[in-house]
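**Student:** Just so we're aligned: 22 in the numbering used here is position 21 of the sequence shown, and the numbers increase by one with no gaps anywhere.
Positions of the beta carbon are idealized from the N, C-alpha and C atoms, including for glycine.
Let me give you the structure first, and then I'll get to my questions.
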Amino acid sequence: MSIRVHIDGRICLPEDAKVSVFDRGFLYGDSVYETIATVHGRLFAAGEHLDRLERSAQRLGLRLPPRAEIEGAIAQTITAAGNAESRVRVVVTRGAGLFDLDPASADDPRLVIIVQPRGGPTPEMYANGVSVEIVSVTRNLPGAIDPAVKSGNYLNNVLALGEARRRSGAYEAILCAANGSVAEGSSSNVFALIAGQLRTPALQVGILAGVTRDKVLRLARGLSIPCDEVAFLGPDELRGADEIFLTSAVRGILPVTTVNGAQVGHGKPGPITRRLTDAYRALAHETT
Ligand SMILES: Cc1ncc(COP(=O)(O)O)c(C=O)c1O
2 MSIRVHIDGR
12 ICLPEDAKVS
22 VFDRGFLYGD
32 SVYETIATVH
42 GRLFAAGEHL
52 DRLERSAQRL
62 GLRLPPRAEI
72 EGAIAQTITA
82 AGNAESRVRV
92 VVTRGAGLFD
102 LDPASADDPR
112 LVIIVQPRGG
122 PTPEMYANGV
132 SVEIVSVTRN
142 LPGAIDPAVK
152 SGNYLNNVLA
162 LGEARRRSGA
172 YEAILCAANG
182 SVAEGSSSNV
192 FALIAGQLRT
202 PALQVGILAG
212 VTRDKVLRLA
222 RGLSIPCDEV
232 AFLGPDELRG
242 ADEIFLTSAV
252 RGILPVTTVN
262 GAQVGHGKPG
272 PITRRLTDAY
282 RALAHETT
């Protein structure tokens, strides 16, 4: 079990991985990133994640290294780390510059790949579900730092998770959009089964277009599970849902059995969550 970092064109140990204090990723969160997981030792949905990295970079006007270079660096770092399953973080910053906010003042992007053991939820968390807390910190407005952009500026999400942990020790924070609709978790998308229909906030609510979210929606449609991307999901609707789960690359589908201290449904992962979890695991095994 080891961690390896690819930085400035070479692979090194974590203690040797250093960035300049003048790097704009450090100074301003002026960077984009992705987290990709392996299944059976092979990257899952890497194409979709790197597509999103490109979309995020484009929105920020940040130049990325060529895709083949990023893919090569990821492959080398996974091999060097030698873990059975990996969590891969791909970061590209706008590079180092003088103290000038103008993004045009830097154009030397820095690629960093961090590979570590995949980790993630324990089997007990999948079996029993986790707790979430709907927090007061709101998701950024799309007109500010658009939540659709996976940038290194994650302070909003950091504060949301901090609030959830302080309040009740909840595993994940659920953020609402400025209009009061449930938006997403601090590092996950959220689904709820309400009146027999699987609902998840639509992209227009102001969320990250999760790669796992998209796969789950396709699976649900394939299994003829009624589902809808809704323009508004009230916190009370979420609290009253029969089933809730979170999605993200590292977690896959993770059941939620407590919201703000109250039990969800029967307090155990529900049948729709279990069905989708089986389908998602089968998909991940087939495609890696
Ligand atoms: C804010 C946010 N929403 C959703 C997700 C889930 O996205 P994905 O399924 O692509 O991992 C993440 C992942 O890190 C995230 O940071």
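Could you spell out where the beta strand (DSSP E) holding N190 opens and where it closes?
**Tutor:** Per DSSP, N190 belongs to the beta strand (DSSP E) from N190 to I195.
**Student:** Compute the minimum distance between the beta carbon of T213 and the heavy atoms of ligand 1, and state whether it is under 7 Å.
**Tutor:** Yes, the beta carbon of T213 sits closer than 7 Å to at least one heavy atom of ligand 1.
**Student:** Since D229 is in the beta strand (DSSP E), which residue starts that stretch and which ends it?
**Tutor:** C228 to V231 is the extent of the beta strand (DSSP E) around D229.
**Student:** For the region 47-55 and the region 161-169, state whether three or more C-beta atom pairs, one from each stretch, are separated by less than 8 Å.
**Tutor:** Contact fails: fewer than three Cβ-Cβ distances are below 8 Å.
**Student:** Would you say G271 and E244 are within 8 Å of each other, going by their C-beta atoms?
**Tutor:** Yes. Within cutoff.
**Student:** Please report the Cβ distance between I79 and V91, rounded to the nearest whole angstrom; I am assuming they are in contact, meaning their Cβ atoms lie under 8 Å.
**Tutor:** Actually they are not in contact, since the Cβ atoms of I79 and V91 sit about 12 Å apart, beyond 8 Å.
**Student:** Rounded to a whole number of angstroms, what is the C-alpha to C-alpha distance between G262 and A105?
**Tutor:** Going by the C-alpha atoms only, they are around 48 Å apart.
**Student:** Return the chain-ordered list of same chain residues with a C-beta closer than 7 Å to the C-beta of R291, the five sequence neighbours on each side being excluded.
**Tutor:** The question about residue 291 has no answer here: the residues shown for the chain are numbered 2 through 289.
**Student:** Let me know the secondary structure DSSP gives S169 once reduced to three states.
**Tutor:** Three-state DSSP puts S169 in a helix.
**Student:** If we count the other Cβ atoms within 10 Å of its Cβ and call it buried at 16 or more, is A283 buried or exposed?
**Tutor:** A283 comes out exposed.
**Student:** Counting along the chain, where does the beta strand (DSSP E) carrying F246 start and finish?
**Tutor:** Element bounds for F246: E244 to S249.
**Student:** So, G295 versus G211, is the Cβ gap smaller than 8 Å?
**Tutor:** Nothing can be reported for residue 295, as the shown portion of the chain is limited to 2 through 289.
**Student:** If you drop the 5 nearest sequence neighbours on each side, which residues of the same chain put their C-beta closer than 6 Å to that of L160?
**Tutor:** Here the set comprises V138.
**Student:** Taking just the CA atoms, how far does L99 sit from N129?
**Tutor:** Rounded to the nearest angstrom, the two C-alpha atoms are 50 Å apart.
**Student:** Whose C-beta lies closer than 6 Å to the C-beta of L65 among residues of the same chain, with five residues either side of it excluded?
**Tutor:** Only A58 and V93 meet the Cβ criterion.
**Student:** The alpha helix (DSSP H) with H50 in it runs from where to where?
**Tutor:** Element bounds for H50: A47 to L61.
**Student:** Specify the secondary structure class of P236 as computed by DSSP and reduced to three states.
**Tutor:** Looking at P236 - three-state DSSP - the assignment turns out to be helix.
**Student:** I believe A206 touches A184 by the beta-carbon criterion, under 8 Å. Please report the beta-carbon distance rounded to the nearest angstrom.
**Tutor:** The question names Ala, but residue 206 in the sequence shown is Val. Sure, about 5 Å apart at Cβ, within 8 Å.
**Student:** Leaving out five residues before and five after K151 in sequence, what residues of the same chain have Cβ atoms less than 8 Å from its Cβ?
**Tutor:** Excluding sequence neighbours, K151 sits near V33, Y34, E35, R53, L54, S57 and L209.
**Student:** Which residues in the same chain as R119 place their Cβ atom closer than 6 Å to its Cβ, once the five residues preceding and following it in sequence are excluded?
**Tutor:** Excluding sequence neighbours, R119 sits near A38, E86, S87 and R88.
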